[in-house]
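In this note's numbering, the protein residues as written are 9 to 262.
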Amino acid sequence: MNILEVKDLSISFGGVKAVQNVTLSVEEDSITSIIGPNGAGKTTFFNLVSGVYSPTSGEILFDNENITGLKQHQISLRGISRTFQNIRLFNQLSILENVQSAMDARAKYNLLDSIVTSPKKRRIDKENREKSLKYLELVGLEKNAGDKPGSLPYGLQRKVELARALASEPKLLLLDEPAAGLNPTEVEEFIKLIYKIKKTFHISILLIEHRLQVVHTLSDMIYVLNFGQLLAKGTSKEIIENQDVVAAYMGEDE
9 MNILEVKDLS ISFGGVKAVQ NVTLSVEEDS ITSIIGPNGA GKTTFFNLVS GVYSPTSGEI
69 LFDNENITGL KQHQISLRGI SRTFQNIRLF NQLSILENVQ SAMDARAKYN LLDSIVTSPK
129 KRRIDKENRE KSLKYLELVG LEKNAGDKPG SLPYGLQRKV ELARALASEP KLLLLDEPAA
189 GLNPTEVEEF IKLIYKIKKT FHISILLIEH RLQVVHTLSD MIYVLNFGQL LAKGTSKEII
249 ENQDVVAAYM GEDE
């Protein structure tokens, strides 16, 4: 069964067709990758699915509900969470507070509870703090809970962002170049972490990634975008052997 179905999705910016009639699906409890050369429309596609942009045409079905055109917070509440190509952490907050911030939208207390710091709010905040520590433990950063994100090296900041995305308890996790900037050892650790997350939470993962080692190791299905259009889809073996994909990455002469 598919958790996400995208049908003929398109968006144009002025005269530029950034995404053109892309159809894609993600099965439940699977890992699907989107690859393609720079400027292929991959992040724009993520922005459409997560509500940053509204499509010019097409539809997005998530968990059997049409979410086309919904706002970011509405889509997040339905169970889609994402990380970004450029890390977006709150540097003025601690690492623990960054993770816990993902739970604020789901907090079941009202404005008055917040103003007077009611027992209900204190109880929920305590529960969310404990959950946040569990997510930090999952990515190996529980000892850094009180530190600021800027004190960590780049690869560990990626893990903080991942923990925060998980804290919103998504059914579908969108990862935009999560291995960018990681060294070879960190890449190996990242691959193991993604397997661990999938096994622990049984969530679906859709990722954009340039490191083909990550893509071919993790992916159940791969989609290739080129100039905003779907060029190919298939298993890792099928994509490796697809000459259209090779030409898009390497050029016709190669």
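Just so it is clear, CB atoms sit at the ideal spot from N, CA and C, and this is done for glycine as well.
Model, not experiment: these values are computed from the prediction.
- Query: For Asn99 versus Gly154, is the C-beta distance shorter than 8 Å?
  - Reply: The residue labelled residue 99 in the question sits at position 91 within the sequence shown. The residue labelled residue 154 in the question sits at position 146 within the sequence shown. No, the pair does not count as a contact, with Cβ atoms beyond the cut-off.
- Message: Taking the alpha-carbon of Ala175 as reference, which of Gly163, Tyr143, Pro161, Asn46 has the nearest alpha-carbon?
- Response: Counting from 1 along the sequence shown, the entry for residue 175 is found at position 167. Nearest C-alpha to Ala175: Tyr143.
- Query: What residues match up with Leu78 in a beta bridge as DSSP calls it?
  - Reply: Working through the sequence shown from its first residue, we reach residue 78 at position 70. Answer is none; Leu78 lacks a bridge partner.
- Query: When the distance is taken between beta carbons, is Leu226 closer than 8 Å to Ile199?
  - Reply: Residue 199 sits at position 191 when you count from the first residue of the sequence shown. Residue 226 sits at position 218 when you count from the first residue of the sequence shown. Yes; because the gap between Cβ atoms is below 8 Å, this pair is in contact.
- For Arg131, is the classification buried or exposed, using 16 other Cβ atoms within 10 angstroms of its Cβ as the cut-off for buried? To locate residue 131, count along the sequence shown from 1; it is residue 123. Arg131 should be labelled exposed.
- Item | Straight-line gap, Ile68 to Glu145 (C-alpha atoms, nearest Å) | Position 60 of the sequence shown, counted from the start, is the residue given in the question as residue 68. Position 137 of the sequence shown, counted from the start, is the residue given in the question as residue 145. About 34 Å.
- Message: Pull the bridge partners of Asn234 from the DSSP assignment, please.
- Response: In the sequence shown, the residue the question calls residue 234 occupies position 226. Looking at the DSSP assignment, Asn234 forms a beta bridge with Gln237.
- Would you identify the three-state DSSP class for Phe92, choosing helix, strand or coil? Reading the sequence shown from its first residue, position 84 is the one you call residue 92. Phe92: coil per DSSP, three-state reduction.
- Query: From what residue to what residue does the beta strand (DSSP E) around Asn106 run?
  - Reply: Along the sequence shown, read from residue 1 onward, the residue named residue 106 stands at position 98. No beta strand (DSSP E) contains Asn106, which is instead part of the alpha helix (DSSP H) from 103-108.
- Query: In terms of alpha-carbon separation, which member of Leu17, Glu36, Ser84, Asn94 lies closest to Asp184?
  - Reply: Looking up residue 184 in the sequence shown gives position 176. Considering only alpha carbons, the answer is Asn94.
- Would you check if the distance between the CB atom of Pro233 and the CB atom of Gly77 is smaller than 8 Å? What you label residue 233 is simply residue 225 of the sequence shown in a count that begins at 1. What you label residue 77 is simply residue 69 of the sequence shown in a count that begins at 1. A small fix is needed here, since residue 233 is Leu in this sequence, not Pro. No.
- Are three or more beta carbon pairs between the segment 34-46 and the segment 198-214 nearer than 8 Å? yes
- Task: Leaving aside the five residues before and after Ile216 along the sequence, list all residues of the same chain whose C-beta is less than 6 Å from its C-beta, in chain order.
- Result: Residue numbering aside, residue 216 sits at position 208 when the sequence shown is read from its first letter. Excluding residues within five positions, the ones whose Cβ falls inside 6 Å are Ile42, Lys50, Asp184, Glu185.
- Through-space distance from Ser89 to Lys134, alpha-carbon basis: Counted from its first residue, the sequence shown places residue 134 at position 126. Counted from its first residue, the sequence shown places residue 89 at position 81. So the two alpha carbons sit approximately 23 Å from each other.
- Query: Quick one: what does DSSP say Ala26 is sitting in, helix, strand or coil?
  - Reply: Numbered from 1 along the sequence shown, position 18 holds the residue referred to as residue 26. Strand, per DSSP.
- Message: If I follow the unbroken beta strand (DSSP E) through Glu13, where does it start and stop?
- Response: Along the sequence shown, one-based indexing puts residue 13 at 5. Counting along the chain, the beta strand (DSSP E) containing Glu13 begins and ends at 10-21.
- Where does the unbroken beta strand (DSSP E) through Phe70 begin, and where does it stop? Locating residue 70 in the sequence shown gives position 62, where the first residue counts as 1. Its beta strand (DSSP E) spans residues 65-70.
- Using CA coordinates, which residue listed in Leu181, Glu177, Leu220, Ala173 is at the minimum distance from Glu196? Residue numbering aside, residue 196 sits at position 188 when the sequence shown is read from its first letter. The candidate whose alpha carbon is nearest that of Glu196 is Leu220.
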